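In the numbering used here, the protein residues as written are 5 to 148. Worksheet: one structure, shown below.
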């Protein structure tokens with residue numbers, strides 16, 4: 005993929021993955037300072053929405069990220085086929101911008117910021133009121 009931003013600037017291939025932690029770094033404070041107070045007023049729940057709702061949101065965003073990745077991959081393959089680049093030629097760049105990868109990584113960062121915080125809270129919280137008894141164990145040992 006074409007990783008150039010301008011004539012003089014080209015991103016290294018691995019730097020595209022920085023959009024995931026950058027999204028987490030941006031969304032966690034927004035979630036904490038904007039979303040939670042508004043959701044708390046609407047729902048009456050002290051944390052805005054329940055842990056299970058946060059986990060569900062994270063799983064849905066993860067699914068959406070994979071769907072976007074599939075669409076981008078289909079576009080990339082179609083582009084490669086148009087230019088006859090389906091053969092293994094590592095030195096050739098497919099004429100498609102790396103910016104196509106950013107939406108899936110941003111969605112993945114949003115999923116991580118939603119679900120990981122909820123999973124951490126679920127397993128580290130002293131009150132496990134929302135989980136079924138089978139989920140309130142680690143390796144078969146009850147969490148108290």
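Just so you know, even glycine gets a beta-carbon here, dropped at the ideal spot from N, CA and C. Here the structure is a predicted model, which is why all the values come from computation and not from measurement.
Three-way DSSP call (helix, strand, coil) for residue i in this model
i: residue 66; result: helix
i: residue 49; result: coil
i: residue 101; result: strand
i: residue 8; result: strand
Close Cβ partners of residue i (< 6 Å) along its chain, the five nearest in sequence each way excluded
i: residue 62; result: 115, 118, 119
i: residue 20; result: 102, 105
i: residue 76; result: 104
Residue i - containing alpha helix (DSSP H), residue span
i: residue 91; result: No alpha helix (DSSP H) holds residue 91; DSSP gives it neither H nor E.
i: residue 224; result: Lying outside 5 to 148, the shown extent of the chain, residue 224 is not represented and no answer is given.
Local Cβ density within 10 Å of residue i, reported as buried at 16 or more and exposed below that
i: residue 85; result: exposed
i: residue 55; result: buried
i: residue 52; result: buried
i: residue 58; result: buried
i: residue 65; result: buried
i: residue 10; result: exposed
i: residue 8; result: exposed
Contacting residues, own chain, Cβ-Cβ under 7 Å from residue i (five flanking each side not counted)
i: residue 23; result: 106, 109, 110, 113
i: residue 89; result: 96, 98
Integer-rounded CB distance, given that residue j should sit under 8 Å from residue i
i: residue 5; j: residue 100; result: 5 Å
Beta-carbon contacts of residue i that lie in its chain and below 8 Å, excluding the five residues immediately before and after
i: residue 26; result: 113
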